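Step one of this worksheet: look at the structure below.
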Amino acid sequence: MSILFSETEKGKPVLIENGFDYIQERAHENKIYWRCTPCNKQKCKARLHTTNNTICYRVGDHNHAPNPSISGIRQCRSEIRDLCKTTITTHSIVAASIATASTAVLSQLPPINNLKRTICRRRAANLNFPANPRSISEIHINGSFALTKKKEQFLQYDSGNQDSDRFLIFATNQQLDLLQSCTDVYIDGIFKVVPELYYQLYSIHGSVQRNIIPLAYILMPRKNEENYKRVYDAIMSLRPLFKPSSFLIDFESGAMKAINSCWPQSSVHACFFHLTQNIYRQVQKAGFTTKYGNDEEYAHAVRMLPALAFLETNDIYSAFEDIGNLQVSDLDPIYNYFEDYYIGRFRSRNRRIIPTFPITFWNVHNLLRNQFDHTNNAVEGWHRRLNNIVDSAHPGFWRFLSDLQTEQSYVDGEISQLVTGLVPKPKRIKTQQTASRVLRILENPTNDNIQKIKAIAHTFML
Numbered sequence: 154m155s156i157l158f159s160e161t162e163k164g165k166p167v168l169i170e171n172g173f174d175y176i177q178e179r180a181h182e183n184k185i186y187w188r189c190t191p192c193n194k195q196k197c198k199a200r201l202h203t204t205n206n207t208i209c210y211r212v213g214d215h216n217h218a219p220n221p222s223i224s225g226i227r228q229c230r231s232e233i234r235d236l237c238k239t240t241i242t243t244h245s246i247v248a249a250s251i252a253t254a255s256t257a258v259l260s261q262l263p264p265i266n267n268l269k270r271t272i273c274r275r276r277a278a279n280l281n282f283p284a285n286p287r288s289i290s291e292i293h294i295n296g297s298f299a300l301t302k303k304k305e306q307f308l309q310y311d312s313g314n315q316d317s318d319r320f321l322i323f324a325t326n327q328q329l330d331l332l333q334s335c336t337d338v339y340i341d342g343i344f345k346v347v348p349e350l351y352y353q354l355y356s357i358h359g360s361v362q363r364n365i366i367p368l369a370y371i372l373m374p375r376k377n378e379e380n381y382k383r384v385y386d387a388i389m390s391l392r393p394l395f396k397p398s399s400f401l402i403d404f405e406s407g408a409m410k411a412i413n414s415c416w417p418q419s420s421v422h423a424c425f426f427h428l429t430q431n432i433y434r435q436v437q438k439a440g441f442t443t444k445y446g447n448d449e450e451y452a453h454a455v456r457m458l459p460a461l462a463f464l465e466t467n468d469i470y471s472a473f474e475d476i477g478n479l480q481v482s483d484l485d486p487i488y489n490y491f492e493d494y495y496i497g498r499f500r501s502r503n504r505r506i507i508p509t510f511p512i513t514f515w516n517v518h519n520l521l522r523n524q525f526d527h528t529n530n531a532v533e534g535w536h537r538r539l540n541n542i543v544d545s546a547h548p549g550f551w552r553f554l555s556d557l558q559t560e561q562s563y564v565d566g567e568i569s570q571l572v573t574g575l576v577p578k579p580k581r582i583k584t585q586q587t588a589s590r591v592l593r594i595l596e597n598p599t600n601d602n603i604q605k606i607k608a609i610a611h612t613f614m615l
């Protein structure tokens, strides 16, 4: 009978024969002694002795059935271990290792997410990361983790281990200098890639030679107005002349209020893409996903609500009421949500209350006319890049910092090319065409407001 050899996760030799696997127990001269792997769990007494990779003696019988898939399982795990030493992504490692596995083997492997975590742990062990902190008070960042890969200062601010809402700001001095010179700033949070001790990585981006570049990274344990204000105060302590003209952010009322408090002269706008996402989430919440996907007229009516963002602010109230007068079936839950959060309900004397997100916050009319970005698409693109670098959900703290250093090295190269005259990447042609199309609709003198939003609602999807 042919025998195969493999290794355990800890590198101990394994022998496989006829659906049974044996782990090396000891060796003496040219003889190796093997015991059945389930020896401890099932108290199996079966043993083998080999000489020159040939079985020369057997001891005892197995008290359990063989597993014909065991060699395939061991092979998959062995391939995963070998591929961990390469630079290919975690997803690609899993895909390559199970590509030819049988259904029987796949059914006995751990869930794919568990395999990914195993890969991340093995890679972290290969890099000799310190033990992960158990709380934010246990974090002590020094040495290479406080620096970039070029040995420049990277950790710029630490609110302290006595702070229950401890936040950390990472950036190079060059990034902070560029941030201070920016007039337009783009901010967003990313959640999946952050260590478990933190809630989000809050990133601040600015325009460098007309390219939107990440210029500061902040680990935050929670999000509220007070914490956002503390972060902004820390940024201003690092660069006191940081006074941008405009901010483009997500629909975060805490962040919006904190920015208005710290920079009262700056304009704060919401990302149009996030507005469309918010609307679609309400479609899902109301149970109309199928209707939206199959009923073109209904889908168009829903898109008319975010299309209001392109009108002049003085025209929005009346246009919103015009949408209500269309009496579209099943639009009421979405319409009422929009009124609550973005328009404001009527109160006494026929006046509307100020909504959670005022019209001036989510209106993008002037941004479009002045050719400013009205979406955070560049930031969303950066999120995808960082997701690919980290390549796992909620990695260990030190592994995350190492990946953030890798990302910063990429940004450093990007900045060097831009400041030395490299032609910046142009905006996507489709984005430019859509903006021009909306402007033509707005400037058509024959269109009234309801006609404008009906036409604009055809230019984008949720």
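The sequence shown begins at 154 in my numbering and counts up by one.
Note that the Cβ used here is the ideal one computed from N, Cα and C, for glycine as well.
Source: prediction; values computed, not measured.
Pair within 8 Å by beta-carbon distance, Ala-608 and Asn-600:
On the sequence shown, residue 608 is found 455 positions in, with the first residue counted as 1. On the sequence shown, residue 600 is found 447 positions in, with the first residue counted as 1. It is a contact, given that the beta carbons lie within the stated cut-off.
Where Tyr-495 and Glu-450 are concerned, what is the direct C-alpha to C-alpha distance, given to the nearest angstrom?
For the purposes of this step, residue 495 is taken as the residue at position 342 of the sequence shown. For the purposes of this step, residue 450 is taken as the residue at position 297 of the sequence shown. So the alpha carbons of these two residues sit roughly 23 Å apart.
Identify every residue that forms a DSSP beta bridge with Met-373.
Here residue 373 refers to the residue found at position 220 when the sequence shown is read from its first residue. Its beta-bridge partners are Gln-353.
C-alpha gap between Asn-530 and Ser-356, whole angstroms:
Start at 1 with the first residue of the sequence shown, and residue 530 comes out as number 377. Start at 1 with the first residue of the sequence shown, and residue 356 comes out as number 203. Using only the alpha carbons, I get a separation of about 14 Å.
Spatial neighbours of Ala-454 in its chain, beta-carbon cut-off 6 Å, leaving aside the 5 residues before and after:
Translated into positions along the sequence shown, residue 454 becomes position 301. Result list for Ala-454: Val-481 and Leu-484, in chain order.
In three-state DSSP terms, what is Asp-468?
If you number the sequence shown from 1, residue 468 lands on position 315. Under the three-state reduction of DSSP output, Asp-468 falls in the helix class.
Any idea which residues DSSP pairs Cys-189 with across the strands?
One-based indexing of the sequence shown puts residue 189 at position 36. Looking at the DSSP output, Cys-189 sits in a beta bridge with Tyr-175.
Spatial neighbours of Asn-542 within its chain, please: C-beta separation below 7 Å, excluding the five flanking residues on both sides.
What you label residue 542 is simply residue 389 of the sequence shown in a count that begins at 1. Per the sequence shown, the amino acid found at residue 542 is Ile instead of Asn. Residues of the same chain with a CB within less than 7 Å of the CB of Ile-542, apart from the 5 flanking positions on each side, are Asp-556, Thr-559 and Glu-560 in chain order.
Bounding residues of the beta strand (DSSP E) (the contiguous stretch that carries Gln-309)
On the sequence shown, position 156 is the one that residue 309 refers to. 308-311 is the span of the beta strand (DSSP E), which, as asked, contains Gln-309.
Leaving out five residues on either side along the sequence, give the residues of the same chain with a beta carbon under 8 Å from the beta carbon of Glu-533.
Taking the first residue of the sequence shown as position 1, residue 533 is located at position 380. Here the set comprises Asp-341 and Phe-426.
Since Arg-234 is in the alpha helix (DSSP H), which residue starts that stretch and which ends it?
For this step, residue 234 is matched to residue 81 along the sequence shown. Element bounds for Arg-234: 223-236.
What's the gap between the Cα of Cys-237 and the Cα of Val-258?
One-based indexing of the sequence shown puts residue 237 at position 84. One-based indexing of the sequence shown puts residue 258 at position 105. Rounded to the nearest angstrom, the two C-alpha atoms are 20 Å apart.
Quick one: Cα of Arg-505 to Cα of Asp-330, how far?
If you number the sequence shown from 1, residue 505 lands on position 352. If you number the sequence shown from 1, residue 330 lands on position 177. About 43 Å.
Could you check how far apart the C-beta atoms of Ser-562 and Lys-302 are, in whole angstroms? I think they sit under 8 Å.
As a first step, residue 562 is located in the sequence shown; it is residue number 409 there, counting from the start. As a first step, residue 302 is located in the sequence shown; it is residue number 149 there, counting from the start. Indeed, because the Cβ distance is near 5 Å, the residues count as touching under 8 Å.
In the DSSP output, what is Ala-423 paired with across the bridge?
Along the sequence shown, read from residue 1 onward, the residue named residue 423 stands at position 270. According to DSSP, Ala-423 bridges with Ile-402.
Would you mind reading off the limits of the alpha helix (DSSP H) that contains Gly-534?
The sequence position of residue 534 within the sequence shown is 381, counting from 1. DSSP places Gly-534 in the uninterrupted alpha helix (DSSP H) bounded by 530-543.
6 Å Cβ shell around Asp-311 - same chain, five flanking residues per side excluded
Looking up residue 311 in the sequence shown gives position 158. Result list for Asp-311: Leu-321, in chain order.
For Pro-508, does the three-state DSSP call read helix, strand or coil?
Numbered from its first residue, the sequence shown carries residue 508 at position 355. Pro-508: coil per DSSP, three-state reduction.
Can you tell me where the beta strand (DSSP E) holding His-202 begins and where it ends?
One-based indexing of the sequence shown puts residue 202 at position 49. From DSSP, the beta strand (DSSP E) with His-202 extends over 200-204.
Tell me whether Pro-459 sits in a helix, a strand or coil according to DSSP, three-state version.
Counting from one through the sequence shown, the residue named residue 459 turns up at place 306. Note: Pro-459 maps to helix in three-state DSSP.
Look at the alpha carbon of Gly-446 and the alpha carbon of Leu-615, and state the distance between them as a whole number of angstroms.
Working through the sequence shown from its first residue, we reach residue 446 at position 293. Working through the sequence shown from its first residue, we reach residue 615 at position 462. So the alpha carbons of these two residues sit roughly 11 Å apart.
Would Ile-469 and Ile-512 qualify as a contact pair, given that the criterion is a beta-carbon distance under 8 Å?
Reading the sequence shown from its first residue, position 316 is the one you call residue 469. Reading the sequence shown from its first residue, position 359 is the one you call residue 512. Taking 8 Å as the cut-off, the Cβ atoms of Ile-469 and Ile-512 count as close.
As assigned by DSSP and simplified to three states, the class of Ser-288
For the purposes of this step, residue 288 is identified with residue 135 of the sequence shown, where counting begins at 1. DSSP places Ser-288 outside both helix and strand once states are collapsed to three, so it counts as coil.
How far does the beta strand (DSSP E) with Ile-343 in it extend, from its first residue to its last?
Translated into the one-based positions of the sequence shown, residue 343 becomes position 190. For Ile-343, the enclosing beta strand (DSSP E) covers residues 337-343.
Closer than 7 Å by C-beta to Ile-487: which residues in its own chain qualify, once you throw out the five before and the five after it? Chain order, please.
Taking the first residue of the sequence shown as 1, we reach residue 487 at position 334. If you ignore the 5 residues before and after Ile-487, its C-beta comes within less than 7 Å of the C-beta of Ile-432, Gln-435, Val-436, Ala-439, Val-455 and Leu-458, all in its own chain and listed in chain order.
Suppose only complete runs of 4+ residues qualify. What are the alpha helix (DSSP H) ranges in the region 478-509, listed by chain order?
Within the region 478-509, the complete alpha helix (DSSP H) segments of 4 residues or longer fall at 485-491, listed in chain order.
Are there 16 or more other CB atoms within 10 angstroms of the CB of Leu-575, so buried, or fewer, so exposed?
If you number the sequence shown from 1, residue 575 lands on position 422. Counting Cβ neighbours within 10 Å, Leu-575 comes out exposed, since fewer than 16 surround it.
Which word fits Arg-552, buried or exposed, when buried means at least 16 other C-beta atoms lie within 10 angstroms of its C-beta?
Taking the first residue of the sequence shown as position 1, residue 552 is located at position 399. Arg-552 comes out buried.
With distances taken Cα to Cα, identify the nearest neighbour of His-547 among Lys-345, Ile-241, Leu-554 and Thr-584.
Taking the sequence shown and counting its residues from 1, one reaches residue 547 at position 394. Of the listed residues, the one whose Cα sits closest to His-547 is Lys-345.
Note the first and the last residue of the continuous alpha helix (DSSP H) segment covering Leu-262.
Taking the sequence shown and counting its residues from 1, the one referred to as residue 262 is at position 109. Segment: none, Leu-262 is in no alpha helix (DSSP H) and carries neither H nor E.
Could you pull out every residue in the same chain whose Cβ sits closer than 7 Å to the Cβ of Leu-157, ignoring the five residues on either side in sequence?
In the sequence shown, the residue the question calls residue 157 occupies position 4. Cβ neighbours of Leu-157 beyond the five flanking positions: Ile-169 and Ser-224.
Can you pull the DSSP bridge partners for Ala-180?
Residue numbering aside, residue 180 sits at position 27 when the sequence shown is read from its first letter. Ile-185, per the DSSP bridge assignment.
Buried or exposed for Lys-605, going by 16 or more other Cβ atoms inside 10 Å?
Start at 1 with the first residue of the sequence shown, and residue 605 comes out as number 452. When all chains shown are included, Lys-605 counts as buried.
Rounded C-alpha distance that separates Gly-164 from Thr-271
Here residue 164 corresponds to residue number 11 of the sequence shown, with the count starting at 1. Here residue 271 corresponds to residue number 118 of the sequence shown, with the count starting at 1. The C-alpha of Gly-164 lies about 15 Å from the C-alpha of Thr-271.
Of the listed residues His-422, Ala-588 and Asp-316, nearest to Phe-404 (C-alpha basis):
The count along the sequence shown starts at 1 and reaches residue 404 at position 251. Residue His-422 is the option with its Cα nearest to Phe-404.
Can you give the beta carbon distance from Leu-368 to Gly-359, rounded, assuming they're within the 8 Å contact cut?
In the sequence shown, residue 368 corresponds to position 215, counting from 1. In the sequence shown, residue 359 corresponds to position 206, counting from 1. About 5 Å separates the two Cβ atoms, so the contact holds.
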